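Read the structure below first, then the notes.
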Amino acid sequence: MKGLDTNVLVRLLTQDDKVQGPAANAYVRGACSRDSPCFVNRVVLAELVWVLESAYGYPPPTVADAIERILRTEEFMVEDNDVARSALVAYCRASADFADALIGRGNKAQGCNATATFDRKAAALEDFELVG
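So in this note's numbering the end of the sequence shown lands on 1373, straight run, no missing numbers.
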């Protein structure tokens, strides 16, 4: 199994580089299959959302669509797919940061009844509690 870094997924999705875009396409076509999917870890998903929002200025619905496509793609094996999918739902509903939603849902999946935070935006998510 091969793992994918954030920059490969960025180039795959944006096709904004004349050399790296086609190289990402070719790599994914050659290395990722239903029988041998490429691994996408949760950190990569969080970085991907951050890059698409901050560097590319994509609005949350566009970013959410990109993440949904990655989660559905059989040629990708997403770490804790159910947790990532649940975080995506929270991200879409609460206007929260995807990384925060992923942290909260991941902690819940590990048995935490809440995640402590000073971040008021994150505290709006059901998996968090505000400290202070």
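We put the CB at the ideal spot given by N, CA and C, even for glycine. None of the values given here were measured: they were computed from a predicted structure.
The way I'd put it, the stretch 1295–1305 doesn't touch the stretch 1349–1358; fewer than three beta-carbon pairs between them come closer than 8 Å. For the 8 Å CB-CB criterion, Ala1363 and Asp1341 form a contact. Burial check for Cys1273: the Cβ neighbour count within 10 Å reaches 16 or more, so the residue is buried.
One Cα belongs to Ala1264, the other to Val1372, and the distance between them is close to 46 Å.
Annotation for Asp1368: Gly1345, Arg1346, Asn1348, Lys1349, Ala1355, Thr1356 place their beta carbon closer than 7 Å to its own, counting only its chain and skipping 5 residues before and after. Per the Cβ contact rule, the stretch 1310–1319 is in contact with the stretch 1280–1294 (3 or more Cβ pairs under 8 Å). Residue pairing by DSSP places Ala1357 opposite Glu1370 in a beta bridge. DSSP, read as helix, strand or coil, puts Cys1273 in coil. Straight-line spacing of the CA atoms in Tyr1297 and Gln1256 works out to 12 Å. Rounded to the nearest angstrom, the Cβ distance from Leu1286 to Leu1366 is 16 Å, too far for a contact under 8 Å.
Annotated three-state conformation of Gly1345 is helix, per DSSP.
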